[in-house]
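There are 2 protein chains.
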Amino acid sequence: MSPVSAATDTPKPNLLELLWRAAPENARGPRKGLTVDEVVAAAIELADAEGLEALTVRRLAQSLGKAPMTLYTYVPGKAELVALMLDALFGSMEHTATEGLPWRERLAALARDNYALYRAHPWAAAASPSRPPLGPGQIGKYERELRAFEGLGLSDVDTDDALAYLLGFVRTAAQDAAQSEAERAASAMSDGEWWEVNGPLLAKVLDVDRYPTAVRVGEAAGEAHASAYDPEQAFGFGLERTLDGLAALVEEA
Amino acid sequence: MSPVSAATDTPKPNLLELLWRAAPENARGPRKGLTVDEVVAAAIELADAEGLEALTVRRLAQSLGKAPMTLYTYVPGKAELVALMLDALFGSMEHTATEGLPWRERLAALARDNYALYRAHPWAAAASPSRPPLGPGQIGKYERELRAFEGLGLSDVDTDDALAYLLGFVRTAAQDAAQSEAERAASAMSDGEWWEVNGPLLAKVLDVDRYPTAVRVGEAAGEAHASAYDPEQAFGFGLERTLDGLAALVEEA
DNA sequence: TTCGTACGTTGTATATTGTACAATGTACAT
DNA sequence: ATGTACATTGTACAATATACAACGTACGAA
């Protein structure tokens, strides 16, 4: 318990208040040396450059020229910081103009814009939940993206479901792509070395009699993609399927 | 460097060797008190009961009646342990018999089996990469699931892409469901309390003039699902779209 | 103009994590 | 019988988020 004062406690800033920058300014005390936006921008820069696991409170404070604990004046904790980063990203996202285009091209552009965002900021794909917190960036994005579904004859509920479905596909594809890149980078082994080490065991264990389909299909896929996994190809394939699936819904309406 | 011996080093067990239990048995020295399978089983039990973040080397060792460092005799590190857990799960997975059913029902059952697996073991959805390591469990699953696509006229490459696409959807849906549950549990706030705290700000900030579509659709979706997000409904919706999308591919062939 | 107090800043400290390392004892190959 | 490979474990370390209290600053009220 604090020594004397207990009446005038500073209320902890709520995540929603933070997202909307609705916290009341403090008149008393020393001036703040930073702003929430500066902290968030530095955090995004750090995560972009070195990944989400390099975004530590210490590193971030250092890049801002402050002591680690200082950041807790601006943000209640790391989870809230990541939420702010996401909302800032959504708010400044590039998006293709699609007015007047057929619906399928509108949705394809929407998907590609989101995919590009996640590919440019891989940490965002990992950190983004299916329903991000309702900040201004997220809501602006939601509003804009919903409008791409206008005129399709879908109910509001179906529209919401369809958008979430499309965005979920994009997020997963981007996550998979980022992860496959990260694995490749972390393995510190060329494909040749990998086969030299693991090839003999794999050859013994991948019995064609036991796993006839798996071996045949796996080999065909590996040759076609010139590697075990081609994320961009997977995105393209999935996007077509996803749009076909939504087309069936649209035709019903 | 070790004091005297340097000639006979124990080679670190490779992940593939571990997955296929292909490590050579050690003749010398004391008997092992555990097996890799026991360690993996205990780890799965712990993760099932308390989540992936509760699965620490210390807790796992304690549940096995050993000192923490002992586990490193069985597994080179935590990452490999999780890979083993996943492969074990895939190897013991329940699956619906679907021979003779129409292809759409075969794939729907495949999706539901996977969804059930991830819902029963939420840590697996979080830990599972798009292309899990080639252990016996994973390969058996791959072989079986590929066969559900037989007779559709798809090329091997398309079959592989289609299966990955379907499984990716299921994994995402399960992740979202688990996360939405976790948030609800962690918030320690009833929906009523949440609205009491955040309602006033949200009402002010969700301007109908600025976000007309978002507000309308968001409200419709919220009312329809009787909550902000209904994971099971989202899975059902997405599964229909996904199967429709694959149907378009099948019809081409 | 003075002064009390709210608040920004920061050094220190704690609990928790994965795991490296070296000591100890065991059991088989020779 | 004995040397050595190996299982087990106690101790140690680096890194994490963040709680807490000390310190100084600058404004509102007197």
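Residue numbers (numbering that gives the first Met the number 0), protein chains in the order written: chain A, 0 to 252; chain B, 0 to 252. Heads up, the beta-carbon is just placed ideally off N, CA and C, and yes, glycines get one too.
**Message:** Any beta carbon of chain B sitting closer than 8 Å to that of V35(A)?
**Reply:** In the first sequence, the residue the question calls residue 35(A) occupies position 36. With 8 Å as the cut-off, V35(A) does not count as an interface residue toward chain B.
**Request:** Can you say whether S4(A) is buried or exposed, counting buried as having 16 or more other CB atoms within 10 angstroms of its CB?
**Result:** One-based indexing of the first sequence puts residue 4(A) at position 5. In this prediction, S4(A) scores a pLDDT of 36, lower than 50, which makes its location untrustworthy; no coordinate-derived value is stated.
**Runs of alpha helix (DSSP H) lying entirely within the stretch 106-176 of chain A, each at least 4 residues, in chain order** = Runs found: 121-126, 135-146.
**Asked** Which residues bound the alpha helix (DSSP H) around K77(B)?
**Response** Counting from 1 along the second sequence, the entry for residue 77(B) is found at position 78. K77(B) -> alpha helix (DSSP H) spans 77-90.
**Request:** Mind the definition here: the stretch 64-72 of chain B touches the stretch 106-122 of chain B only if three or more C-beta pairs lie below 8 Å; say whether that holds.
**Result:** In this structure the stretch 64-72 of chain B does not lie against the stretch 106-122 of chain B, because fewer than three pairs of beta carbons, one per stretch, are closer than 8 Å.
**Message:** Comparing C-alpha positions only, which one of A177(B), E182(B), S62(B), Y117(B) sits nearest to S91(B)?
**Reply:** Against the second sequence, residue 91(B) aligns to sequence position 92. The shortest C-alpha separation from S91(B) is found at Y117(B).
**Message:** Could you tell me the alpha carbon to alpha carbon distance between A119(B) and E180(B), rounded to whole angstroms?
**Reply:** Looking up residue 119(B) in the second sequence gives position 120. Looking up residue 180(B) in the second sequence gives position 181. For A119(B) and E180(B), the gap between their C-alpha atoms comes out near 13 Å.
**Message:** Let's see if you can read the secondary structure: which residues bound the alpha helix (DSSP H) around S62(B)?
**Reply:** Numbered from 1 along the second sequence, position 63 holds the residue referred to as residue 62(B). Where S62(B) is concerned, the enclosing alpha helix (DSSP H) stretches over 56-62.
**Prompt:** Does any residue of chain B bring its CB to less than 8 Å from the CB of L249(A)?
**Reply:** Mapped onto the first sequence, residue 249(A) falls at position 250. The question names Leu, yet the displayed sequence has Val at residue 249(A). Against chain B, the CB of V249(A) has no partner CB under 8 Å away; the residue lies outside that interface.
**Item:** Given D190(B) as reference, the closest of L45(B), P29(B), G221(B), R105(B) once Cα atoms are compared
**Value:** If you number the second sequence from 1, residue 190(B) lands on position 191. If we check each option's Cα against that of D190(B), G221(B) comes out closest.
**Asked** Is there a Cβ from chain A that is less than 8 Å from the Cβ of A82(B)?
**Response** The count along the second sequence starts at 1 and reaches residue 82(B) at position 83. For A82(B), the answer is no, since every Cβ of chain A falls outside 8 Å of its Cβ.
**Request:** Under 6 Å Cβ to Cβ from V169(A), same chain only, skipping five residues before and after it: list those, please.
**Result:** Within the first sequence, the letter at position 170 stands for residue 169(A). The residues A110, N113, Y114, in chain order, have a CB closer than 6 Å to that of V169(A) in the same chain once the five nearest residues on each side in sequence are set aside.
**Message:** Quick check: the Cα distance between S1(B) and R183(A), rounded to an integer number of angstroms?
**Reply:** Position 2 of the second sequence, counted from the start, is the residue given in the question as residue 1(B). Position 184 of the first sequence, counted from the start, is the residue given in the question as residue 183(A). Annotation note: pLDDT 32 at S1(B) (below 50); position unreliable, no value reported.
**Asked** How about L200(B) and V214(B): do their beta carbons lie closer than 8 Å?
**Response** Taking the first residue of the second sequence as position 1, residue 200(B) is located at position 201. Taking the first residue of the second sequence as position 1, residue 214(B) is located at position 215. Going by C-beta atoms, L200(B) is not nearer than 8 Å to V214(B).
**Prompt:** Can L59(B) and L17(B) be called in contact, C-beta distance under 8 Å?
**Reply:** Counted from its first residue, the second sequence places residue 59(B) at position 60. Counted from its first residue, the second sequence places residue 17(B) at position 18. No, they are not a contact pair.
**Residue-chain proximity (T241(A), chain B), Cβ-Cβ < 8 Å** = Position 242 of the first sequence, counted from the first residue, corresponds to residue 241(A). Proximity of T241(A) to chain B, defined by a Cβ-Cβ separation below 8 Å, is satisfied.
**Item:** Contact between the stretch 150-169 of chain B and the stretch 236-243 of chain A (3+ Cβ pairs under 8 Å)
**Value:** Touching, yes.
**Asked** Under the three-state reduction of DSSP, which class applies to P211(B): helix, strand or coil?
**Response** As a first step, residue 211(B) is located in the second sequence; it is residue number 212 there, counting from the start. Under the three-state reduction of DSSP, P211(B) is assigned to helix.
**Prompt:** DSSP state of L224(B), grouped into three classes?
**Reply:** The sequence position of residue 224(B) within the second sequence is 225, counting from 1. Correcting the residue identity first, residue 224(B) is His in this sequence and not Leu. The answer is coil: DSSP assigns H224(B) none of H, G, I, E or B.
**Item:** Own chain, CB closer than 8 Å to L255(B), minus 5 neighbours either side, in chain order
**Value:** Nothing about residue 255(B) can be reported from this structure: the residues present for chain B run from 0 to 252 only.
**Distance between L145(A) and W102(A) (C-alpha atoms, nearest Å)** = The residue labelled residue 102(A) in the question sits at position 103 within the first sequence. The residue labelled residue 145(A) in the question sits at position 146 within the first sequence. It is roughly 12 Å from the alpha-carbon of W102(A) to the alpha-carbon of L145(A).
**Prompt:** Of the residues A22(A), S186(A), Y228(A), which one's Cα is nearest the Cα of P75(A)?
**Reply:** Residue 75(A) sits at position 76 when you count from the first residue of the first sequence. Among A22(A), S186(A), Y228(A), the Cα nearest to that of P75(A) belongs to A22(A).
**Request:** Would you kindly check if the distance between the Cβ of V39(B) and the Cβ of A78(B) is under 8 Å?
**Result:** Position 79 of the second sequence, counted from the start, is the residue given in the question as residue 78(B). Position 40 of the second sequence, counted from the start, is the residue given in the question as residue 39(B). Going by C-beta atoms, A78(B) is not nearer than 8 Å to V39(B).
**Request:** Determine the burial state of S154(B): buried for a count of at least 16 other Cβ atoms within 10 Å of its Cβ, exposed for fewer.
**Result:** For the purposes of this step, residue 154(B) is taken as the residue at position 155 of the second sequence. Exposed, by the Cβ-count rule.
**Asked** Measuring CA to CA, which of D208(A), G244(A), A176(A), R143(A) is closest to A124(A)?
**Response** Indexing the first sequence from 1 puts residue 124(A) at position 125. Nearest in C-alpha terms to A124(A), of all of D208(A), G244(A), A176(A), R143(A), is A176(A).
**Message:** Does R27(A) come out as helix, strand or coil in the three-state DSSP assignment?
**Reply:** Taking the first residue of the first sequence as 1, we reach residue 27(A) at position 28. Here R27(A) sits in coil by DSSP.
**Prompt:** In its own chain, which residues sit with a C-beta less than 7 Å from the C-beta of K140(B), not counting the 5 before and 5 after it?
**Reply:** The residue given as residue 140(B) occupies position 141 in the second sequence. So the qualifying residues of the chain are F89, M92.
**Prompt:** Which of helix, strand or coil does DSSP assign to D229(B)?
**Reply:** In the second sequence, residue 229(B) corresponds to position 230, counting from 1. Residue state, collapsed to three classes: coil.
**Request:** Please name the residue, chosen from L245(B), E104(B), I138(B), A233(B), that lies closest to L166(A) on a Cα-to-Cα basis.
**Result:** For the purposes of this step, residue 166(A) is taken as the residue at position 167 of the first sequence. Closest option to L166(A), Cα to Cα, is A233(B).
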